[in-house]
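Following the working numbering, the numbering of the sequence shown begins with 170 at its first residue and continues without gaps. The beta-carbon is built from N, C-alpha and C at its ideal position, and this holds for glycine as well. Predicted, not measured: the structure shown is a model, and the values here were computed from it. Scroll down for the structure; my scribbles are underneath it.
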Amino acid sequence: MTTADTPKPKRDALLATAHTHMPMGVADSYRYWGDDNTVFVESLKGCRLTDVDGQEFVDFRLAYGPIILGYRDARIDNAVIDAITNIGTMSGFSTGLDAEVIELVKSLCPQIEKMRFANSGTEAVLGAVRTARGFTGRNKIVVVEGGFHGLYDEMMWKPDVDNWQPQGDSAPEIKAFGIGIPEASREHLETISLNDEAALIDVFKRVGHDIAAIVIEPIMGNCGSIAASQAYMQALRDQCDAHGALLIIDEVKTGFRVAKGGAQQLYGIYADLTTFAKAMGNGYPVAAFGGRADVMNTIHSGTGGVTHGGTYTANMIALAAAKATLSVLKDTDALATIHQTGAAIQQVLSRVFSKHGIEHKFAGPDSMFGIHFNTRADQDVPHNYRDWKQTNSELYTAFAHRLIAKGIMLEPDSREPWFICEAHQSVDLAWLEQVADEALGEAIAAQNTSTENSDA
Ligand SMILES: Cc1ncc(COP(=O)(O)O)c(C=O)c1O
Numbered sequence: 170m171t172t173a174d175t176p177k178p179k180r181d182a183l184l185a186t187a188h189t190h191m192p193m194g195v196a197d198s199y200r201y202w203g204d205d206n207t208v209f210v211e212s213l214k215g216c217r218l219t220d221v222d223g224q225e226f227v228d229f230r231l232a233y234g235p236i237i238l239g240y241r242d243a244r245i246d247n248a249v250i251d252a253i254t255n256i257g258t259m260s261g262f263s264t265g266l267d268a269e270v271i272e273l274v275k276s277l278c279p280q281i282e283k284m285r286f287a288n289s290g291t292e293a294v295l296g297a298v299r300t301a302r303g304f305t306g307r308n309k310i311v312v313v314e315g316g317f318h319g320l321y322d323e324m325m326w327k328p329d330v331d332n333w334q335p336q337g338d339s340a341p342e343i344k345a346f347g348i349g350i351p352e353a354s355r356e357h358l359e360t361i362s363l364n365d366e367a368a369l370i371d372v373f374k375r376v377g378h379d380i381a382a383i384v385i386e387p388i389m390g391n392c393g394s395i396a397a398s399q400a401y402m403q404a405l406r407d408q409c410d411a412h413g414a415l416l417i418i419d420e421v422k423t424g425f426r427v428a429k430g431g432a433q434q435l436y437g438i439y440a441d442l443t444t445f446a447k448a449m450g451n452g453y454p455v456a457a458f459g460g461r462a463d464v465m466n467t468i469h470s471g472t473g474g475v476t477h478g479g480t481y482t483a484n485m486i487a488l489a490a491a492k493a494t495l496s497v498l499k500d501t502d503a504l505a506t507i508h509q510t511g512a513a514i515q516q517v518l519s520r521v522f523s524k525h526g527i528e529h530k531f532a533g534p535d536s537m538f539g540i541h542f543n544t545r546a547d548q549d550v551p552h553n554y555r556d557w558k559q560t561n562s563e564l565y566t567a568f569a570h571r572l573i574a575k576g577i578m579l580e581p582d583s584r585e586p587w588f589i590c591e592a593h594q595s596v597d598l599a600w601l602e603q604v605a606d607e608a609l610g611e612a613i614a615a616q617n618t619s620t621e622n623s624d625a
């Protein structure tokens, strides 16, 4: 399907050139949306993105979540410029900024006693998992269906929900993200379904003696913001404690976004180790993992220590951005504004969905909400990835493609939430309502036509 109602000659030319230089013509495979839909950006400001052909979009994708204040926020950019002008970009040595940023994190997240930096969410998860294995002396890592923890071999196994039949008792088959991932990398990985306490108890019964950690996104930022229940989070905490396993909460998407203290503040349940990235730096590449001091102190260079480091770790660009972003989030009403704006946007969208008779549920917090079109009036908010399969994600994707054509940028997949930043407070809600109304009307009409054609 083509999203662009208008021709995109500059994009077409850039993509043709890019195809000669990069596989799929993009620097990251997820950026390729087909030759007719792949986006090339000219500029970014606030909550707006302008593509190379001059079309402007209000952006709810926000680079998969890092933008929490807005693109090119002067409060952050000036702090970075200041740091690299007056200190430099990196030296391979320490500066006082390391501890300053950690003090800020600690002031927002009481579970952090010690922390280390990383350059991406993937690296933060790798560091946390290695530290958990080092501390416990155990091998197994338990993950939840629909969670995503980055692109390294062990975390690149996922349930094949697309080809799974919900009728019956069988679990979705676990498959690698692609070739090149050794079968051996899943040797110590166990996968359970979210909010299924029986499955949780069963995995501890089977292999509890060797479970180093459970890694979970309590609000699944990679699965339509489907969230763990309070009872499930408590059960996770209790089971980990009872069996000497660690709880790693992956707050790469939720950290400093869903609340100042992240998902753990919302649940009041705290991890042994936490991973952060994205909103921590408003778009600058900074990440971290940390938690209990006794666990983190397993990182040392002596015999029996966990190794952690990296050339670009705690560079000045990352830390200056983190210090400025965390200070704004701590000291201003930015997050309150983001939540109010997100709630208002959901109200507008809900009105449009109801007008068209589309059963729907919103999942997750107002700063990062998922939209699920239901197939039945009595259907609840999805409780796990398997429930998501029962939603009308095809209609959502058709709706999303039409929104994009009309100037609203988002991922055309209902597993990716709508991200709200402070700058979205400037969005004209009447405009949003009109665009959403037109887009949904067109998506429904197209779906009806294709049903009629397949019936004929
Ligand atoms: C929860 C979670 N963990 C880890 C990652 C990996 O982060 P990165 O893409 O920065 O490596 C992501 C990325 O979206 C994520 O959402």
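| query | result |
| --- | --- |
| According to DSSP, is I383 helix, strand or coil? | strand |
| Tell me the DSSP secondary structure of S276 in three-state form. | helix |
| Would the C-beta of L358 count as close to ligand 1, meaning under 7 Å from any of its heavy atoms? | no |
| Kindly indicate which three-state DSSP category F531 falls into: helix, strand or coil? | strand |
| So what's K492 in DSSP terms, helix, strand or just coil? | helix |
| Considering only heavy atoms of ligand 1, does any lie closer than 7 Å to the CB of S583? | no |
| Can A411 be considered in contact with ligand 1, in the sense that its beta carbon sits closer than 7 Å to one or more heavy atoms? | no |
| If you draw a straight line from the C-alpha of V270 to the C-alpha of A491, how long is it? | 7 Å |
| According to DSSP, which residues form a beta bridge with R217? | K214, V227 |
| Could you give the first and the last residue of the continuous beta strand (DSSP E) run that contains G539? | 537-542 |
| Give the straight-line distance between the Cα atoms of E621 and Q224, rounded to the nearest whole angstrom. | 34 Å |
| Answer with buried or exposed for A432, where buried requires no fewer than 16 other C-beta atoms within 10 angstroms of its C-beta. | buried |
| With contact counted as at least three CB pairs below 8 Å, one residue from each stretch, are the stretch 544-554 and the stretch 523-530 in contact? | yes |
| With respect to 7 Å, is the separation between the Cβ of K422 and the closest non-hydrogen atom of ligand 1 below this value? | yes |
| How is the beta strand (DSSP E) around L416 delimited, first residue to last? | 415-420 |
| Roughly how many angstroms separate the alpha carbons of T172 and E607, rounded to a whole number? | With a pLDDT of 48 at T172, under the threshold of 50, the modelled position of this residue cannot be trusted; read the value that follows with caution. Near 14 Å, if we compare the C-alpha coordinates of E607 and T172. |
| Less than 7 Å separating the Cβ of L363 from some heavy atom of ligand 1? | no |
| Please go through the same chain and pick out, in chain order, the residues whose beta-carbon is closer than 7 Å to the beta-carbon of M259, but skip the five residues on each side of it. | Y481, N484, M485 |
| Less than 7 Å between the CB of A490 and some heavy atom of ligand 1, yes or no? | no |
| Identify the continuous alpha helix (DSSP H) that holds M402 and give its terminal residues. | 399-412 |
| Is it the case that the Cβ atoms of L416 and N553 are separated by a distance below 8 Å? | no |
| Closest by CA to H570, which one among D582, G239, A462? | D582 |
| Just to confirm, is the Cβ distance from V274 to Y453 under 8 Å? | no |
| Can you list, in chain order, the residues of its chain whose CB lies under 7 Å from that of T506, leaving out five sequence neighbours each side? | E591, Q594 |
| Where does I253 sit, in a helix, a strand or coil, going by DSSP? | helix |
| Tell me the rounded alpha-carbon separation between G315 and T560. | 15 Å |
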